[in-house]
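Visitor: Numbering of the sequence shown is given in this note's numbering, commencing with residue 9 and proceeding in unit increments.
Just so it is clear, CB atoms sit at the ideal spot from N, CA and C, and this is done for glycine as well.
Let me begin by handing over the structure; questions about it come next.
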Amino acid sequence: MLKNPSILFDVYKVLGISFGIVWLFNVLLIGCEEGYTLKSLWGVTSGFLVLMGVFLVIGYIAYVIVAWTYSWKYVVLFTLDEKEVVHQQMPRQVKKATVLGALTAMVGAVAGKPGVVGTGILSASRSTSTSLLADVARIIPCRRLHLIKVNQLLNKNRVFVPDEDFDFVYDFLCQHCTKAQKR
């Protein structure tokens, strides 16, 4: 998990989008209440930049803790046929993910945060991700990360592929995902 930071990049994307939405909402509120001035805009933006830096560090620390819990490896089984690709965690990792999800739910319950409880329950209960190839909207190859992103509207699957099989798997996906935009 430390040699291939693609999961960490996904965590950072989620954090960035979340901060962007909250920042935009705050900027709109300030604009409606006080009017836009450079000073008020910078005040909100600088606070969010500091918070975002703190959360990036916390996100990295949490990622390292999860990687350590998983023995530094994210072990999954990929099953690919003409209709679907299934990303399934191995039983040992499912147990660890269930424990981490349960801990997240408990922390959320103690803190009175129902969203965190829901996140913990979802992560504890989900061990597979299936993408129907007929519904795939975009295929994004990332050869450097040994990764092919198979994205549907509300489902983003990640297929990790060794170098020697990368071209074969990518070509197979391109042939069977007829609606997909390819890069």
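(1) What ranges does the beta strand (DSSP E) occupy inside the stretch 52-98, keeping only unbroken runs of at least 3 residues that lie completely in it?
(2) By the 10 Å Cβ neighbour count, where 16 or more other Cβ atoms means buried, how is Leu-46 classified, buried or exposed?
(3) May I have the straight-line CA-CA distance separating Cys-185 from Ser-137, to the nearest angstrom?
(4) For Lys-11, which of helix, strand or coil comes out of DSSP?
(5) Nearest by alpha-carbon distance to Phe-168: which of Val-58, Asp-143, Val-93 is it?
(6) Suppose the cutoff is 8 Å on Cβ atoms and the five residues either side in sequence are ignored; what does the same chain contact list for Phe-174 look like?
(7) So what does Val-19 bridge to, in DSSP terms?
(8) Does DSSP classify Pro-170 as helix, strand or coil?
(9) Quick one: what does DSSP say Gln-189 is sitting in, helix, strand or coil?
(10) Look at the alpha carbon of Leu-162 and the alpha carbon of Tyr-44, and state the distance between them as a whole number of angstroms.
(11) My output table needs one value for Val-144: the three-state DSSP class, helix, strand or coil.
(12) Could you check whether Leu-23 and Leu-64 sit closer than 8 Å to each other, using their CB atoms as the reference points?
(13) Could you give the C-beta distance for Leu-5 and Gln-96, rounded to a whole number, given that I count them as a contact under 8 Å?
(14) Terminal residues of the continuous beta strand (DSSP E) containing Asn-159?
Guide: Judging by the given coordinates:
(1) 84-88, 92-97
(2) exposed
(3) 17 Å
(4) coil
(5) Val-93
(6) Pro-149, Arg-151, His-154, Ile-156
(7) For Val-19, which the question treats as bridged, DSSP gives no partner whatsoever.
(8) coil
(9) strand
(10) 36 Å
(11) coil
(12) yes
(13) There is no way to answer for residue 5, as the model of the chain reaches only from 9 to 191.
(14) 155-159
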